[in-house]
Amino acid sequence: MEEVDLLILNASEILTLRNYNLSKTNTDSLSIIKNGAVAIKNGIIIDVGTTKRLSKKYKAVETLEAKNKTVLPGFIDPHTHLVFAGSREFELDLKLKGYTYQEILEKHGGGIYYTVEKTREASKTQLVSEGKKRLDTMLAHGTTTCEAKSGYGLTTRDEIKILEVTKELNKQHPIEIVPTFLGAHAIPKEYINRKEEYVKLIIDEMLPKVAEKRLAKFCDVFCEKGFFTPEQSIKILEEAKKHGLTPKIHADEFSDSKGAKIAAELDAITADHLLKASDKNLREMARKKKNIAVLLPATPFSMMLKEYANARKMIEYGIPVALATDLNPNCYTENMQFIIQLACLKMKMTPAEAIIGATINAAHAIDLANKIGSLEKGKQADIIILNCPNHKFIPYHFGVNLVEHVIKKGKIIK
Ligand code: NIG
Ligand code: FE
Numbered sequence: 012m013e014e015v016d017l018l019i020l021n022a023s024e025i026l027t028l029r030n031y032n033l034s035k036t037n038t039d040s041l042s043i044i045k046n047g048a049v050a051i052k053n054g055i056i057i058d059v060g061t062t063k064r065l066s067k068k069y070k071a072v073e074t075l076e077a078k079n080k081t082v083l084p085g086f087i088d089p090h091t092h093l094v095f096a097g098s099r100e101f102e103l104d105l106k107l108k109g110y111t112y113q114e115i116l117e118k119h120g121g122g123i124y125y126t127v128e129k130t131r132e133a134s135k136t137q138l139v140s141e142g143k144k145r146l147d148t149m150l151a152h153g154t155t156t157c158e159a160k161s162g163y164g165l166t167t168r169d170e171i172k173i174l175e176v177t178k179e180l181n182k183q184h185p186i187e188i189v190p191t192f193l194g195a196h197a198i199p200k201e202y203i204n205r206k207e208e209y210v211k212l213i214i215d216e217m218l219p220k221v222a223e224k225r226l227a228k229f230c231d232v233f234c235e236k237g238f239f240t241p242e243q244s245i246k247i248l249e250e251a252k253k254h255g256l257t258p259k260i261h262a263d264e265f266s267d268s269k270g271a272k273i274a275a276e277l278d279a280i281t282a283d284h285l286l287k288a289s290d291k292n293l294r295e296m297a298r299k300k301k302n303i304a305v306l307l308p309a310t311p312f313s314m315m316l317k318e319y320a321n322a323r324k325m326i327e328y329g330i331p332v333a334l335a336t337d338l339n340p341n342c343y344t345e346n347m348q349f350i351i352q353l354a355c356l357k358m359k360m361t362p363a364e365a366i367i368g369a370t371i372n373a374a375h376a377i378d379l380a381n382k383i384g385s386l387e388k389g390k391q392a393d394i395i396i397l398n399c400p401n402h403k404f405i406p407y408h409f410g411v412n413l414v415e416h417v418i419k420k421g422k423i424i425k
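For the sequence shown, position 64 matches number 75 in this note's numbering, and the numbering has no gaps at all.
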């Protein structure tokens, strides 16, 4: 008998997502093992199979009994605005009166500008402590890795501050965090009549500093009417590439702003939101096969919109679809189970497609699929155990937390 650190036994379903191939998109297959087991040693998965086989082969220091439970890779949240100060619950009254996102931002003292003000005022210590609370909530709901964007600083100093807070959180918290520079989140108020100058500041000052300090892996831009034009977005993302940052893009959220087209042209790793992306530009993404669509159904939900991204069409075209929370003060949720529920109930994704979106495709969306996102020999042991007998319960039994255990790098942390 080989000795291992941890054995998970008797799971009614193990969703392995093994041998998943991104180019064969959304096969709708989770590669399930019934009455399954996982063996873990030194933080790595060393075997996955039936309980019958693994219980004969391994003895473990610690065992987790998973009878009637569903075991799957920890959720990966590939789009968050984790670090911010203040909250915007006051916007709900405005939303209920029918004001739009842009009206709340421009005329009612809310939106990104409100959060930028609070975040600029906040100390690093305060931001770390607030970020940590959100990460704890994420972990409790099954997220084991996330992406986190800057973007509520909009000065060189404050953008760096946010990315340094992100780095500190990554050190202090079991959740692994992949950082994204989003200096192009909005034109700051002090630059409102000299927008090109702000673009220049991003290019001449922010990007070189962020790259030199190695504070980000990705660079994102909010390409949208009233924010950054297609031309400005291309300029910033091309410059980011020169600094070794991989492009991402907030694309076609409120209007067809050519975001999907730019994503395809620049080989951006992801195009996010995509509610208003045109058919033609989506087909272009599908043809190039370089982008993953990151869909954020909690965002239209939080704004009480009727329209959601057309996931079915993207899947039909062969675009890989990942899911994320978009955690931010407008759309305040840390819970990927809720995102899977919205994906199924509002975007008509199947439970399997949504789970793929929250695990292996989400891993691809942050370029970590070689390490996480499936339960396979050699991958990091980031695993969750859900208190339900099969995966269809995740969208079916909504509004509760199904997570019973969270294992990160082989350690049981919940
Ligand atoms: O992804 N769309 C732009 N940014 C965020 C919202 C930011 C905010 O409202 O604070 C988003 O939805
Ligand atoms: Fe966002």
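A virtual CB, placed ideally from N, CA and C, is assigned to each residue, including glycine.
Proximity of the beta carbon of I303 to the ligand NIG is not indicated: no heavy atom of the ligand is located closer than 8 Å. In the DSSP secondary-structure assignment, T74 is bridged to L18.
Placement of the Cβ of T126 at a distance of less than 8 Å from at least one heavy atom of the ligand NIG is found. Those residues placing their Cβ nearer than 7 Å to any heavy atom of the ligand FE are, following chain order, H90, H92, K160, H261, D283, L307, D337, N339. Note: V411 is not bridge-paired with any residue in the DSSP secondary-structure output. With contacts defined by Cβ atoms closer than 9 Å, G162 and D267 do not form a contacting pair.
The residue among E158, G153, V176, A322 with its C-alpha nearest the C-alpha of I405 is G153. C234: member of the beta strand (DSSP E) spanning 229–234, first to last residue.
In the three-state reduction of the DSSP assignment, A222 falls in the helix class. With contacts defined as CB atoms closer than 9 Å, V15 and I51 qualify as a contacting pair. Its chain contains D263, A271 as the residues whose beta carbon lies nearer than 6 Å to that of A288, once the 5 sequence neighbours on both sides are disregarded; these appear in chain order. By the neighbour-count definition (other C-beta atoms within 10 Å, threshold 16), I424 is an exposed residue.
L293 has its alpha-carbon roughly 8 Å from the corresponding atom of Y328. Judged by DSSP in its simplified three-state form, A197 adopts coil rather than helix or strand. Selection I173, A373, E13 evaluated against K129 yields I173 as nearest (Cα-Cα). Shortest gap from the CB of G162 to any heavy atom of the ligand NIG: under 8 Å.
Annotation for E345 indicates a beta carbon at 8 Å or more from all heavy atoms of the ligand NIG. Using a Cβ distance threshold of 9 Å, M296 and A275 count as a contacting pair. For the stretch 247–296, the full-length alpha helix (DSSP H) segments reaching 4 residues or more read 270–277 along the chain. Contact between E175 and T91 is ruled out by a C-beta separation of about 17 Å, above the 8 Å threshold.
Residue burial is scored here from C-beta neighbours: Y407 has fewer than 16 other C-beta atoms within 10 angstroms and is therefore classed as exposed. For the pair E249 and L277, the Cα-to-Cα distance works out to about 8 Å.
For P311, no beta strand (DSSP E) segment is defined; the enclosing uninterrupted segment is the alpha helix (DSSP H) at 309–313. Distance from the Cα of A369 is smallest, within the candidate group I395, E387, G389, for I395. Under the three-state reduction of DSSP output, K143 falls in the helix class. Where T344 is concerned, there is no enclosing alpha helix (DSSP H), because DSSP gives it neither an H nor an E. In this structure, T130 has its CB at a distance of at least 8 Å from all heavy atoms of the ligand NIG.
If one requires a minimum length of 3 residues, the beta strand (DSSP E) runs lying completely within the stretch 43–127 are 43–52, 55–61, 69–76, 81–84, 86–88, in chain order.
For F101, the CB contacts under 8 Å within the same chain, skipping 5 residues up- and downstream, are G121 in chain order.
According to the DSSP assignment, L180 belongs to the alpha helix (DSSP H) that extends over 167–183.
By DSSP's assignment, Q243 forms no beta bridge with any residue. With a threshold of 8 Å, the Cβ atom of G270 does not count as near the ligand NIG, since no heavy atom of the ligand is closer than that. Under the 8 Å Cβ criterion, the stretch 245–261 counts as touching the stretch 214–228, having at least three qualifying pairs. The beta carbon of P331 sits closer than 6 Å to those of L33, T36, I303, N372, all from its chain and outside the five residues before and after it, given in chain order.
Residue state for H402 is assigned as coil, using DSSP reduced to three classes. The stretch 335–353 makes contact with the stretch 308–324; the number of CB pairs closer than 8 Å reaches 3 or more.
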